[in-house]
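Scroll down for the structure; my scribbles are underneath it.
There are 2 protein chains.
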Amino acid sequence: MKLVTYFRSSAAYRVRIAMNLKGLAYDPEPVHLTRGGGGQHMAGFRARNPLGLVPLLTLENGVELTQSLAIVEYLEETHPSPALLPKTPLERARVRAFALAIACDIHPIDNLRVLRYLKHEMGQEQAAIDGWYRHWIAQGLPALEAMLVQSGGEGPFCFGATPSLADICLVPQLANARRYDCPLGAFPRLLRADVASGALDAFKMAAPDAQPDAA
Amino acid sequence: MKLVTYFRSSAAYRVRIAMNLKGLAYDPEPVHLTRGGGGQHMAGFRARNPLGLVPLLTLENGVELTQSLAIVEYLEETHPSPALLPKTPLERARVRAFALAIACDIHPIDNLRVLRYLKHEMGQEQAAIDGWYRHWIAQGLPALEAMLVQSGGEGPFCFGATPSLADICLVPQLANARRYDCPLGAFPRLLRADVASGALDAFKMAAPDAQPDAA
Numbered sequence: 001m002k003l004v005t006y007f008r009s010s011a012a013y014r015v016r017i018a019m020n021l022k023g024l025a026y027d028p029e030p031v032h033l034t035r036g037g038g039g040q041h042m043a044g045f046r047a048r049n050p051l052g053l054v055p056l057l058t059l060e061n062g063v064e065l066t067q068s069l070a071i072v073e074y075l076e077e078t079h080p081s082p083a084l085l086p087k088t089p090l091e092r093a094r095v096r097a098f099a100l101a102i103a104c105d106i107h108p109i110d111n112l113r114v115l116r117y118l119k120h121e122m123g124q125e126q127a128a129i130d131g132w133y134r135h136w137i138a139q140g141l142p143a144l145e146a147m148l149v150q151s152g153g154e155g156p157f158c159f160g161a162t163p164s165l166a167d168i169c170l171v172p173q174l175a176n177a178r179r180y181d182c183p184l185g186a187f188p189r190l191l192r193a194d195v196a197s198g199a200l201d202a203f204k205m206a207a208p209d210a211q212p213d214a215a
Numbered sequence: 001m002k003l004v005t006y007f008r009s010s011a012a013y014r015v016r017i018a019m020n021l022k023g024l025a026y027d028p029e030p031v032h033l034t035r036g037g038g039g040q041h042m043a044g045f046r047a048r049n050p051l052g053l054v055p056l057l058t059l060e061n062g063v064e065l066t067q068s069l070a071i072v073e074y075l076e077e078t079h080p081s082p083a084l085l086p087k088t089p090l091e092r093a094r095v096r097a098f099a100l101a102i103a104c105d106i107h108p109i110d111n112l113r114v115l116r117y118l119k120h121e122m123g124q125e126q127a128a129i130d131g132w133y134r135h136w137i138a139q140g141l142p143a144l145e146a147m148l149v150q151s152g153g154e155g156p157f158c159f160g161a162t163p164s165l166a167d168i169c170l171v172p173q174l175a176n177a178r179r180y181d182c183p184l185g186a187f188p189r190l191l192r193a194d195v196a197s198g199a200l201d202a203f204k205m206a207a208p209d210a211q212p213d214a215a
């Protein structure tokens, strides 16, 4: 398989973790999202992924898949072990809700194309844009912490003794929060899952700094 | 079951459609998202859903679920017929990618709390905010159209002869586009799915204007 990736993309980071956890090898195909107006916006790439976003996974048969959570669900259905979702519908709903709280309600609002619009189309200063970035993280992380506390699990991962789709989404989001110096001290349950995840090779190998296209 | 809903919320609209398609009855529990700073932001509601967003589904046993796509996946797993996802992993990945392109990459950026931030924290005029709203729809709809054209299906729904999670996400997004006078003529495949969906009682009954809390 081949994965169109960008070292700093949270969505690509999620898929890299999932593939590593499942022991699936892939050839990285890096695109640069900031140089020259965004390499992924080339017409050629839009023909492959109309939304012009990473990641994009090319299967062995040449079929191409987009959207990180759809890709992880596909990998889960085609390579069920180790499982990245729990067994019961209710537990699965909890893990998916946590993942979607990040993938829908935090990350897209802080995505690069949005920050660019604030700067170029709305004329916002960098300080205001940084404030925007931190605001949506500050809105989201307390909710994520509360979701884990409500679930009452013992950890150390978000939902149990093994990493799930929730950890796959959390770790890249916390990496973004640190890049923007967002305070994390109020989120012990999130940090516990982050530490447990960070100890695993699957997460280490997927980290932005470990990618071939890292600056 | 009880559903915390707001007539104009796209995410609640998705769940209303899914429940109607599966023939599941629910008691609506409307909250008003614009009056008095947002009824859903009451401390009481945040204790139930830390992110403070609708929808929230209360099951018969009192358990509460959040995040529209996680709720639809839960309904699909617990009430499989009629199916809202295809059978093969690849087809499921296509439907989920389409749904996520809306639920992650269009809708959250145009959500009410984001528009409010642009107005109150960034001091943007209404015309600039409307331009923002239309921009993300104008970015997203061509990609959605291309995804359906690429899939090569005969319709009339997004992915085949019956409605799926894709149509459940598309119809509320197109309703939003119309509210903001976004041009739709370039998207015949999306409009075809919209017309096919709009003819079904499950979609009609879920429409914003048909809700008890509609203005």
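Protein chains in written order, with the working numbering: chain A, 1 to 215; chain B, 1 to 215. Heads up, the beta-carbon is just placed ideally off N, CA and C, and yes, glycines get one too. Since the model is a prediction, treat every value here as computed from it, not as a measurement.
Residue range of the alpha helix (DSSP H) that includes residue i
i, result
"A/Lys119", "Leu112 to His120"
"A/Leu184", "Run containing A/Leu184: none; DSSP gives neither H nor E here."
"B/Val31", "No alpha helix (DSSP H) holds B/Val31; DSSP gives it neither H nor E."
"B/Leu90", "Pro89 to Ala103"
"B/Phe157", "That residue, B/Phe157, is in no alpha helix (DSSP H); it is neither H nor E in DSSP."
"A/Ile17", "Ser10 to Leu21"
"B/Gly52", "No alpha helix (DSSP H) holds B/Gly52; DSSP gives it neither H nor E."
"B/Ala199", "From DSSP, B/Ala199 is part of no alpha helix (DSSP H); its letter is neither H nor E."
Residue from the options whose Cα sits closest to the Cα of residue i
i, options, result
"B/Leu191", "B/Pro86, B/Leu141 and B/Glu64", "B/Leu141"
"A/Leu170", "A/Val31, A/Ser10 and A/Leu3", "A/Ser10"
"A/Leu69", "A/Arg48, A/Gly185, A/Pro188 and A/Ala103", "A/Ala103"
"B/Asn176", "B/Asp194, B/Ala202, B/Leu165 and B/Pro163", "B/Asp194"
"B/Arg96", "B/Ile168, B/Ala196, B/Cys182 and B/Ala199", "B/Ile168"
"B/Glu64", "B/Arg48, B/Val72, B/Glu73 and B/Leu75", "B/Arg48"
"A/Pro156", "A/Gly123, A/Pro188 and A/Ile137", "A/Pro188"
"A/Ala202", "A/Thr5, A/Ala18, A/Glu60 and A/Ala12", "A/Ala18"
"A/Pro89", "B/Thr88, B/Thr78 and B/Ala207", "B/Thr78"
"B/Ile137", "B/Asp105, B/Cys158, B/Thr162 and B/Glu125", "B/Asp105"
"B/Gly198", "B/Pro163, B/Met122 and B/Ala101", "B/Pro163"
"A/Asp213", "A/Leu144, A/Glu91 and A/Glu29", "A/Glu29"
"B/Leu174", "B/Gly152, B/Glu154, B/Tyr133 and B/Ser151", "B/Tyr133"
"B/Arg113", "B/Ala186, B/Lys204, B/Ala210 and B/Leu51", "B/Leu51"
"B/Gln67", "B/Leu75, B/Leu59, B/Val54 and B/Asn61", "B/Val54"
"B/Glu60", "B/Asp181, B/Val72 and B/Lys2", "B/Lys2"
"B/Pro183", "B/Gln139, B/Leu148, B/Tyr6 and B/Lys22", "B/Gln139"
"A/Ala143", "A/Ala207, A/Asp181 and A/Ala101", "A/Ala101"
"A/Leu200", "A/Leu21, A/Arg178 and A/Phe7", "A/Leu21"
"B/Ala166", "B/Leu57, B/Ala186 and B/Ala83", "B/Ala83"
"A/Leu57", "A/Ala25, A/His135, A/Ala196 and A/Phe98", "A/Ala25"
"A/Glu121", "B/Ile129, B/Arg116 and B/His120", "B/Ile129"
Residues that residue i bridges to, as DSSP identifies them
i, result
"A/Val216", "Since the first residue shown for chain A is 1 and the last is 215, residue 216 of chain A is missing from the structure and cannot be characterised."
"A/Leu65", "A/Leu57"
"A/Gly131", "BP columns for A/Gly131 are empty, so no partner."
Any C-beta of chain A under 8 Å from that of residue i
i, result
"B/Asp105", "yes"
"B/Ile109", "yes"
"B/Thr78", "yes"
"B/Leu69", "yes"
"B/Gln124", "yes"
"B/Glu73", "yes"
"B/Leu90", "yes"
"B/Pro30", "no"
"B/Pro188", "no"
"B/Val114", "yes"
"B/Pro156", "no"
"B/Val63", "yes"
"B/Pro183", "no"
"B/Pro50", "yes"
"B/Pro142", "yes"
CB contact check: residue i to chain B, cutoff 8 Å
i, result
"A/Tyr117", "yes"
"A/Thr66", "yes"
"A/Arg96", "yes"
"A/Ala147", "Residue identity differs from the one stated: residue 147 of chain A is Met in this sequence, not Ala. Yes, A/Met147 lies at the interface with chain B (some Cβ there is under 8 Å from its Cβ)."
"A/His120", "no"
"A/Leu53", "yes"
"A/Leu100", "yes"
"A/Pro86", "no"
"A/Ile128", "Looking at the sequence provided, one finds Ala at residue 128 of chain A rather than Ile. Interface residue, yes."
"A/Ala93", "yes"
Continuous beta strand (DSSP E) stretch holding residue i: start and end
i, result
"B/Lys2", "Lys2 to Thr5"
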